[in-house]
Amino acid sequence: MYDSPIAEWGNVYAKLERFHQSTGGQVVVDTAFSTGTYDFLLKSGEDVALPTAIGREVTALRQSAEWGMRALQAAFSRLKDRLKYEERGERKCILLSIVLLFNLRTRLVGLIQILSTCYSSSIGRTANELFCN
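Using my numbering, the first residue of the sequence shown is number 2, and each one after it goes up by one.
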């Protein structure tokens, strides 16, 4: 199961569309998401006419999301079950536990690829102060 069908079933696209209509904001997604009829989803910097620097930032942000998902999968490689998105219930508790355990692991190890690769040292320090202290 990929992210796009889960987003469809969980009405995530509908929620994002309401957000887009009320704020005009767009959402940067990784390559597993469908951009078919959703003009508010950005997969890369080429999806919208923006200055080159902003286009590079969109691409870096998308890559960060993909690396983050891979980091979660690697940290919990023995978890083989496919979990459908839920607003409440047991699956929500399992997914929340995975995210919290990953954050604890990141804090104890003190290193995350996204911070060390994508952001300048000053931004990385600020992010570490916010998330790792």
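Backbone N, C-alpha and C fix where the C-beta goes; we use that ideal spot for every residue, glycine too.
> Taking DSSP as the reference, what is the three-state secondary structure of residue 80?
Replying inline: Against the sequence shown, residue 80 aligns to sequence position 79. Here residue 80 sits in coil by DSSP.
>> Please state whether the Cβ-Cβ distance between residue 29 and residue 41 is less than 8 Å.
In response: Your numbering for residue 29 matches position 28 in the sequence shown. Your numbering for residue 41 matches position 40 in the sequence shown. No.
>> Just to check my reading of the structure: residue 92 and residue 81 have Cβ atoms closer than 8 Å, yes? What is that Cβ distance to the nearest angstrom?
In response: In the sequence shown, the residue the question calls residue 92 occupies position 91. In the sequence shown, the residue the question calls residue 81 occupies position 80. No, residue 92 and residue 81 are not in contact; Cβ-Cβ is about 15 Å, not under 8 Å.
> chain D beta carbons: is any one of them nearer than 8 Å to that of residue 19?
Replying inline: Judged by its chain identifiers, the structure shown contains no chain D, having just a single protein chain.
> What are the residues that DSSP puts in a beta bridge with residue 42?
Replying inline: Working through the sequence shown from its first residue, we reach residue 42 at position 41. In DSSP, residue 42 forms a bridge with 28.
> Looking only at C-alpha atoms, which of 24, 12, 108 and 96 sits nearest to residue 74?
Replying inline: Counting from one through the sequence shown, the residue named residue 74 turns up at place 73. That would be 96, whose Cα lies nearest to the Cα of residue 74.
>> On the criterion of 16 or more Cβ atoms from any shown chain inside 10 Å, does residue 38 qualify as buried, or is it exposed?
In response: One-based indexing of the sequence shown puts residue 38 at position 37. Counting Cβ neighbours within 10 Å, residue 38 comes out exposed, since fewer than 16 surround it.
> By Cβ distance below 8 Å, which residues in the same chain neighbour residue 103 in space, the five residues on each side in sequence not counted?
Replying inline: The residue labelled residue 103 in the question sits at position 102 within the sequence shown. Same-chain partners within the cutoff: 72, 73, 76 and 77.
>> Rounded to whole angstroms, what is the Cα-Cα separation between residue 94 and residue 83?
In response: Counting from one through the sequence shown, the residue named residue 94 turns up at place 93. Counting from one through the sequence shown, the residue named residue 83 turns up at place 82. The straight-line gap from Cα to Cα measures roughly 14 Å.
>> What would DSSP say about residue 89, mapped onto helix, strand or coil?
In response: Numbered from its first residue, the sequence shown carries residue 89 at position 88. DSSP places residue 89 in coil when its eight states are reduced to three.
>> Taking only three categories from DSSP, how would you classify residue 12?
In response: Your numbering for residue 12 matches position 11 in the sequence shown. Coil at residue 12, not helix or strand.
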